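Participant:
There are 4 protein chains.
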Amino acid sequence: MANSNAGHVNINSDLGESFGPWVMGNDAEVLKIVKSANVACGFHASDPVVMMDTVKLCQQNGVSIGAHPGFADLQGFGRREINLSAKELEANIAYQIGALQAIAALYGAKVTHMKPHGMMGNMSAESAEMSEAIARATKAVDRDIIFLAQANTEQGKAARKVGLRAAEEVFADRTYTDAGFLTPRKAGNSMIKDAALAVAHVRRMVDEQAIYSTSGKRIPCQVDSICVHGDGPNAVAVSKAVREGLEAAGIRVVPLTELPRLRH
Amino acid sequence: MANSNAGHVNINSDLGESFGPWVMGNDAEVLKIVKSANVACGFHASDPVVMMDTVKLCQQNGVSIGAHPGFADLQGFGRREINLSAKELEANIAYQIGALQAIAALYGAKVTHMKPHGMMGNMSAESAEMSEAIARATKAVDRDIIFLAQANTEQGKAARKVGLRAAEEVFADRTYTDAGFLTPRKAGNSMIKDAALAVAHVRRMVDEQAIYSTSGKRIPCQVDSICVHGDGPNAVAVSKAVREGLEAAGIRVVPLTELPRLRH
Amino acid sequence: MANSNAGHVNINSDLGESFGPWVMGNDAEVLKIVKSANVACGFHASDPVVMMDTVKLCQQNGVSIGAHPGFADLQGFGRREINLSAKELEANIAYQIGALQAIAALYGAKVTHMKPHGMMGNMSAESAEMSEAIARATKAVDRDIIFLAQANTEQGKAARKVGLRAAEEVFADRTYTDAGFLTPRKAGNSMIKDAALAVAHVRRMVDEQAIYSTSGKRIPCQVDSICVHGDGPNAVAVSKAVREGLEAAGIRVVPLTELPRLRH
Amino acid sequence: MANSNAGHVNINSDLGESFGPWVMGNDAEVLKIVKSANVACGFHASDPVVMMDTVKLCQQNGVSIGAHPGFADLQGFGRREINLSAKELEANIAYQIGALQAIAALYGAKVTHMKPHGMMGNMSAESAEMSEAIARATKAVDRDIIFLAQANTEQGKAARKVGLRAAEEVFADRTYTDAGFLTPRKAGNSMIKDAALAVAHVRRMVDEQAIYSTSGKRIPCQVDSICVHGDGPNAVAVSKAVREGLEAAGIRVVPLTELPRLRH
Numbered sequence: 002m003a004n005s006n007a008g009h010v011n012i013n014s015d016l017g018e019s020f021g022p023w024v025m026g027n028d029a030e031v032l033k034i035v036k037s038a039n040v041a042c043g044f045h046a047s048d049p050v051v052m053m054d055t056v057k058l059c060q061q062n063g064v065s066i067g068a069h070p071g072f073a074d075l076q077g078f079g080r081r082e083i084n085l086s087a088k089e090l091e092a093n094i095a096y097q098i099g100a101l102q103a104i105a106a107l108y109g110a111k112v113t114h115m116k117p118h119g120m121m122g123n124m125s126a127e128s129a130e131m132s133e134a135i136a137r138a139t140k141a142v143d144r145d146i147i148f149l150a151q152a153n154t155e156q157g158k159a160a161r162k163v164g165l166r167a168a169e170e171v172f173a174d175r176t177y178t179d180a181g182f183l184t185p186r187k188a189g190n191s192m193i194k195d196a197a198l199a200v201a202h203v204r205r206m207v208d209e210q211a212i213y214s215t216s217g218k219r220i221p222c223q224v225d226s227i228c229v230h231g232d233g234p235n236a237v238a239v240s241k242a243v244r245e246g247l248e249a250a251g252i253r254v255v256p257l258t259e260l261p262r263l264r265h
Numbered sequence: 002m003a004n005s006n007a008g009h010v011n012i013n014s015d016l017g018e019s020f021g022p023w024v025m026g027n028d029a030e031v032l033k034i035v036k037s038a039n040v041a042c043g044f045h046a047s048d049p050v051v052m053m054d055t056v057k058l059c060q061q062n063g064v065s066i067g068a069h070p071g072f073a074d075l076q077g078f079g080r081r082e083i084n085l086s087a088k089e090l091e092a093n094i095a096y097q098i099g100a101l102q103a104i105a106a107l108y109g110a111k112v113t114h115m116k117p118h119g120m121m122g123n124m125s126a127e128s129a130e131m132s133e134a135i136a137r138a139t140k141a142v143d144r145d146i147i148f149l150a151q152a153n154t155e156q157g158k159a160a161r162k163v164g165l166r167a168a169e170e171v172f173a174d175r176t177y178t179d180a181g182f183l184t185p186r187k188a189g190n191s192m193i194k195d196a197a198l199a200v201a202h203v204r205r206m207v208d209e210q211a212i213y214s215t216s217g218k219r220i221p222c223q224v225d226s227i228c229v230h231g232d233g234p235n236a237v238a239v240s241k242a243v244r245e246g247l248e249a250a251g252i253r254v255v256p257l258t259e260l261p262r263l264r265h
Numbered sequence: 002m003a004n005s006n007a008g009h010v011n012i013n014s015d016l017g018e019s020f021g022p023w024v025m026g027n028d029a030e031v032l033k034i035v036k037s038a039n040v041a042c043g044f045h046a047s048d049p050v051v052m053m054d055t056v057k058l059c060q061q062n063g064v065s066i067g068a069h070p071g072f073a074d075l076q077g078f079g080r081r082e083i084n085l086s087a088k089e090l091e092a093n094i095a096y097q098i099g100a101l102q103a104i105a106a107l108y109g110a111k112v113t114h115m116k117p118h119g120m121m122g123n124m125s126a127e128s129a130e131m132s133e134a135i136a137r138a139t140k141a142v143d144r145d146i147i148f149l150a151q152a153n154t155e156q157g158k159a160a161r162k163v164g165l166r167a168a169e170e171v172f173a174d175r176t177y178t179d180a181g182f183l184t185p186r187k188a189g190n191s192m193i194k195d196a197a198l199a200v201a202h203v204r205r206m207v208d209e210q211a212i213y214s215t216s217g218k219r220i221p222c223q224v225d226s227i228c229v230h231g232d233g234p235n236a237v238a239v240s241k242a243v244r245e246g247l248e249a250a251g252i253r254v255v256p257l258t259e260l261p262r263l264r265h
Numbered sequence: 002m003a004n005s006n007a008g009h010v011n012i013n014s015d016l017g018e019s020f021g022p023w024v025m026g027n028d029a030e031v032l033k034i035v036k037s038a039n040v041a042c043g044f045h046a047s048d049p050v051v052m053m054d055t056v057k058l059c060q061q062n063g064v065s066i067g068a069h070p071g072f073a074d075l076q077g078f079g080r081r082e083i084n085l086s087a088k089e090l091e092a093n094i095a096y097q098i099g100a101l102q103a104i105a106a107l108y109g110a111k112v113t114h115m116k117p118h119g120m121m122g123n124m125s126a127e128s129a130e131m132s133e134a135i136a137r138a139t140k141a142v143d144r145d146i147i148f149l150a151q152a153n154t155e156q157g158k159a160a161r162k163v164g165l166r167a168a169e170e171v172f173a174d175r176t177y178t179d180a181g182f183l184t185p186r187k188a189g190n191s192m193i194k195d196a197a198l199a200v201a202h203v204r205r206m207v208d209e210q211a212i213y214s215t216s217g218k219r220i221p222c223q224v225d226s227i228c229v230h231g232d233g234p235n236a237v238a239v240s241k242a243v244r245e246g247l248e249a250a251g252i253r254v255v256p257l258t259e260l261p262r263l264r265h
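Which chain is which? The protein sequence lines are U, G, V and L, in order. Using the numbering used here, read the first sequence as starting at 2 and increasing by one per residue. Using the numbering used here, read the second sequence as starting at 2 and increasing by one per residue. Using the numbering used here, read the third sequence as starting at 2 and increasing by one per residue. Using the numbering used here, read the fourth sequence as starting at 2 and increasing by one per residue.
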């Protein structure tokens, strides 16, 4: 697979996951590193005021804004499996994107991508039916929204099938199975916590446009974006190292909206 | 005050107030009577799936779709006083309108008006600050949205002040105090349950472009829309009589979007 | 299996499933028929005020009060699968039983049984681990509470294992598979809507202390209680017929707490 | 007013205010300082699992467990005014106490006091009607529960009127108005952030059994308990200093349940 975005890559992160009086993450720090933000929409995290504050911070940092819809389960943070019909999923996706679009409009900002959160992300990565429902709803709301997809999963396929652009992402701090999925969090080796290792891992994926599994299997894919995290003991340090490592290699780190080419 | 919509009036009603497994109201019946629907947005009632079903029903009946944002209080149905800052109110308004816009987009439909629900409606009717926050947020989301305002209250003034069109509504089945506000529900004479009385009440308000209080006080106002209800023992019968009474008098009952002229 | 409650049986129903402004069911009618109520506890339905009203109605009708804990999912009415750890399940069960106990205490009433609701009921019927977590939590809260179990499932076994009394229930208006589980609602023949058929079905199960599947398979079990429903077009009529049919056959219909003998 | 607890005082704090994935406060640290914990019950903060963890930590630290019921408003953290009828308030209080009692029962622990949280606390401090509803509901649930009341307010009066024991608390890090109420948080001088000042403030209140307002007014009251906080930059340090200051003065710091005498 040819790298259509040679010399460019995006870095994205999940942001705006505070809720009411409860603060989560280091948004201010992470916003200095990433170029695109996946903003929680009030179902698994966040609330209308947190969304306003997050949109404003994104704007101030030149970070493109994406919706991060999840299952309606605050207490479980959208990490519990919930089986929804295609219609329920479409309704939940549209609702959350629209809510963020309107919050963004308060600042004259736009929602330019969408990435399903947590268990909704994991389930849809393996389900064409779910991914197509998500893509259909997204396209109905705004056909210019980019589907930020876990690389090589049903998500990107569904996006292209319904006529949305997809950006394929890999994770800086997570490892992969031979099937190309994220190693489940329960496994001991699911996380990459060492900054140097994360940088090397990301560089290899970007250079070769391929995922490498924990067993060393090479899985070719398009690598449009790198997902980093701001929670965990040294997550910000790892994320910063990844950005610096990419730039040191002459790669331009840009918002999703400025990638030269995204596949339809 | 000259009647700028001579020969035309709108009829609106609150719809889509079911939630999950719980059904409320007679939407199918009411949709045959009204021309504009105020659709609950998931904060005081409804959920994403109910919103989809409601939008579809509105479309099928040629009824224009409005957002009906309320306080985030399902158990209290948005009827309890909650004091929000202007920022919180803007965030809550934008979120709910946007959510409905996106749900409507699933059917290629548009949200063309906005009316604050329940206690948010009552509080803002008397508060310039609240009404302006609501109007500002609405305009930021879509400057073409019509603010469906309780006649002669701060709502319409705020809409015009921020540059939104306002439609002024009176109630078919509710009485008024000398101050021009709705008689509180606790009062014995707050409701008009007799169809003939409701028709006469509405006809007089439309003909004279004025509210009449329970004590007989005449309060001139613009009457762009009549609000009817579908709940209560004979609410549907009253609503139907009101529509028939207006049409029998040669008045055209149209969606808010087809009123000849709305004040800015 | 000998019928340890010869000549006696209980009739139970799910009650108190309204929420805020939304009414569900015909509690007033159902309370004239049943002798034990499974009262929703605010997670899948109900709220503190509805719980108060339901407890009071139970008391006035001489109906024994049980907790009906469910998954925390109002919009899905506790009918969606949610996977909880044993600890989460214990926490959710204890919380809901305790909440109802305290509401009951406002009227000097007691919670004397517990029955898991909806999908929590269905999942635990097939899971020893879930049923034991439910039983353990229930016993910790009050060792005298009766576990109202779907007959011949893991529920009754778990109750007896941890040292709670169990009452085994069969359904008046639902059919059974050869495995002894309820026919899924999606299947065409899952419901028995004819009163005469329901009476015959129940009489046979009580007389023979056995379930009969839709294919005619006989599955011996203890039949301590009959579950009836108040929703659906003729559910109340079916329920009434069942009670009258049992009494006409000389069987005493009593609260769970008055069954002569429940297995430990 | 004679100090019926001469030589003894309690220290209490609000605990267990995390929710789902969101952590709040320094419970582990605060539990080493206080002798009684006001445990959130899931309405303004917490959830069943957090409640379990909090109860366990209290037990391990020899800290007596109290319910801290609040308004059902997670996003607003129970700090927004909500007007409830007496019946609604009773229902909400009973529900939350009962939920915590049952969670406590999972560890063989007991709920021995109750203190209304946040805005429910502030509103009831000035309202005999609200305080009596809270006290009535509490007594119905368990007549041995101690009402932990803001000193000299309607709370203690109501508790004694309905026949509950009340413990009167003052705040270590908050100042008072001449009316004996807490200085509103908006005011610049509402907080005492200096440890030495807090110790002196508390010592004087305990020694003299009186509150001193910011203007120096002396308001005699019973001082059974000192409320400390664990949030804020140096809250733990202030709390620790207060406990050490009391013990250095020969005062025994004990759980509410071990105060020699509480007024009925």
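All residues carry an ideal CB built from backbone N, CA and C; glycine is no exception. Treat the numbers as computed from the prediction; the structure is a model and nothing was measured.
Going by the CB atoms, is the gap between residue 233(U) and residue 317(U) shorter than 9 Å?
Facilitator: Residue 317(U) falls outside the range modelled here, since chain U spans only 2 to 265, and no answer is possible.
Participant: Grouping DSSP H, G and I as helix and E and B as strand, with all else coil, what is residue 200(U)?
Facilitator: What you label residue 200(U) is simply residue 199 of the first sequence in a count that begins at 1. Correct three-state label for residue 200(U): helix.
Participant: Using 9 Å as the limit for Cβ to Cβ distance, is residue 76(L) near chain G?
Facilitator: In the fourth sequence, the residue the question calls residue 76(L) occupies position 75. Taking Cβ atoms only, chain G reaches closer than 9 Å to residue 76(L), which makes this a yes.
Participant: Report yes or no: do three or more beta-carbon pairs, one from the stretch 51-59 of chain G and one from the stretch 88-100 of chain U, lie closer than 8 Å?
Facilitator: Output reads yes: the stretch 88-100 of chain U touches the stretch 51-59 of chain G.
Participant: Under DSSP, the alpha helix (DSSP H) around residue 50(L) begins and ends at which residues?
Facilitator: Counting from one through the fourth sequence, the residue named residue 50(L) turns up at place 49. 49-61 is the span of the alpha helix (DSSP H), which, as asked, contains residue 50(L).
Participant: What residues are listed by DSSP as bridge partners for residue 148(V)?
Facilitator: As a first step, residue 148(V) is located in the third sequence; it is residue number 147 there, counting from the start. According to DSSP, which records beta bridges pairwise, residue 148(V) is partnered with 115(V) and 167(V).
Participant: Find out if the Cβ-Cβ distance for the pair residue 6(U), residue 156(U) is shorter than 9 Å.
Facilitator: Taking the first residue of the first sequence as position 1, residue 6(U) is located at position 5. Taking the first residue of the first sequence as position 1, residue 156(U) is located at position 155. Their beta carbons are not under 9 Å apart, which means residue 6(U) does not touch residue 156(U) by this criterion.
Participant: Rounded to whole angstroms, what's the CA-CA distance from residue 165(G) to residue 43(L)? Just pull it up for me.
Facilitator: Taking the second sequence and counting its residues from 1, one reaches residue 165(G) at position 164. Taking the fourth sequence and counting its residues from 1, one reaches residue 43(L) at position 42. Taking the straight line joining both Cα atoms gives about 41 Å.
Participant: For residue 102(U), would you say it is in contact with chain G, using Cβ-to-Cβ distances shorter than 9 Å as the test?
Facilitator: Against the first sequence, residue 102(U) aligns to sequence position 101. With 9 Å as the cut-off, residue 102(U) counts as an interface residue toward chain G.
Participant: I want to verify the contact list: residues of chain L whose CB lies under 8 Å from the CB of residue 21(U), in sequence order.
Facilitator: Stepping through the first sequence from its first residue, residue 21(U) is reached at position 20. The answer, in chain order, is 75, 76, 77 and 78.
Participant: With DSSP run on the structure shown, which of helix, strand or coil describes residue 192(V)?
Facilitator: For the purposes of this step, residue 192(V) is taken as residue 191 along the third sequence, with counting starting at 1. Correct three-state label for residue 192(V): strand.
Participant: Considering only the alpha carbon of each residue, which of 21(L), 216(L) and 57(L) lies closest to residue 38(L)?
Facilitator: To locate residue 38(L), count along the fourth sequence from 1; it is residue 37. It is 57(L) whose Cα lies nearest to the Cα of residue 38(L).
Participant: From which residue to which residue does the alpha helix (DSSP H) around residue 96(U) run?
Facilitator: Position 95 of the first sequence, counted from the start, is the residue given in the question as residue 96(U). 87-106 is the extent of the alpha helix (DSSP H) around residue 96(U).
Participant: Does residue 25(V) have its Cβ less than 9 Å from a Cβ in chain G?
Facilitator: The residue you call residue 25(V) lines up with position 24 of the third sequence. Taking Cβ atoms only, chain G reaches closer than 9 Å to residue 25(V), which makes this a yes.
Participant: According to DSSP, residue 240(L) sits in a beta bridge with which residue or residues?
Facilitator: For this step, residue 240(L) is matched to residue 239 along the fourth sequence. None; residue 240(L) has no bridge partner.
Participant: Mind checking the stretch 42-67 of chain U against chain L and listing, in chain order, the residues whose C-beta falls within less than 7 Å of any C-beta there?
Facilitator: Under the 7 Å Cβ criterion, the stretch 42-67 of chain U contributes 48.
Participant: Please classify residue 3(U): does DSSP put it in a helix, a strand, or coil?
Facilitator: Residue numbering aside, residue 3(U) sits at position 2 when the first sequence is read from its first letter. Confidence at residue 3(U) is low in this model, with a pLDDT of 46, below 50, so its placement is unreliable and no value can be given for it.
Participant: Give a yes or no on whether the minimum CB-CB distance between residue 135(U) and chain G is below 9 Å.
Facilitator: Locating residue 135(U) in the first sequence gives position 134, where the first residue counts as 1. Not one chain G Cβ lies under 9 Å of residue 135(U).
Participant: Give the interface partners of residue 81(U) over in chain V, defined as CB-CB distance under 7 Å, in chain order.
Facilitator: Against the first sequence, residue 81(U) aligns to sequence position 80. Neighbours of residue 81(U) on chain V, chain order: 83 and 84.
Participant: Assign residue 221(U) to buried or exposed, taking buried as 16 or more other Cβ atoms, counted over all protein chains shown, within 10 Å of its Cβ.
Facilitator: Translated into the one-based positions of the first sequence, residue 221(U) becomes position 220. Exposed, since its Cβ has fewer than 16 Cβ neighbours within 10 Å.
Participant: Going by beta-carbon coordinates alone, are residue 40(U) and residue 12(U) separated by less than 9 Å?
Facilitator: Mapped onto the first sequence, residue 40(U) falls at position 39. Mapped onto the first sequence, residue 12(U) falls at position 11. Contact: no.
Participant: Any C-beta of chain L within less than 9 Å: which residues of the stretch 101-125 of chain V qualify?
Facilitator: Listed by position, the residues of the stretch 101-125 of chain V near chain L (Cβ gap below 9 Å) are 101, 102, 103, 104, 105, 106, 107, 108 and 109.
Participant: Grab me the residues of residue 61(U)'s own chain with a C-beta within less than 7 Å of its C-beta, minus the 5 sequence neighbours each way, in chain order.
Facilitator: Taking the first residue of the first sequence as 1, we reach residue 61(U) at position 60. If we look at residue 61(U) and ignore the five residues flanking it on each side, it has no Cβ neighbours.
Participant: Quick one: what does DSSP say residue 8(V) is sitting in, helix, strand or coil?
Facilitator: Walking along the third sequence from the start, residue 8(V) turns up at place 7. Residue state, collapsed to three classes: coil.
Participant: Whole angstroms is fine: what's the gap from residue 213(U)'s alpha carbon to residue 175(U)'s?
Facilitator: Position 212 of the first sequence, counted from the first residue, corresponds to residue 213(U). Position 174 of the first sequence, counted from the first residue, corresponds to residue 175(U). Computed Cα separation, rounded: 11 Å.
Participant: So for residue 266(V), helix, strand or coil by DSSP?
Facilitator: Given that chain V is displayed from residue 2 to residue 265, the structure contains no residue 266(V) and the question cannot be resolved.
Participant: Note down, in chain order, every chain U residue with its Cβ under 8 Å from the Cβ of residue 99(G).
Facilitator: Start at 1 with the first residue of the second sequence, and residue 99(G) comes out as number 98. Here the neighbours are 99, 100, 101, 102, 103, 104 and 106.
Participant: Less than 9 Å between the beta carbons of residue 143(V) and residue 106(L), yes or no?
Facilitator: Residue 143(V) sits at position 142 when you count from the first residue of the third sequence. Residue 106(L) sits at position 105 when you count from the first residue of the fourth sequence. Yes.
Participant: With 9 Å as the threshold, decide whether the Cβ of residue 159(V) is near any Cβ in chain L.
Facilitator: Numbered from its first residue, the third sequence carries residue 159(V) at position 158. For residue 159(V), the answer is no, since every Cβ of chain L falls outside 9 Å of its Cβ.
Participant: Checking the sheet assignment: what are the DSSP bridge partners for residue 37(U)?
Facilitator: As a working note, residue 37(U) is residue 36 in the first sequence. DSSP, once it has assigned bridges, lists 13(U) and 65(U) as partnering residue 37(U).
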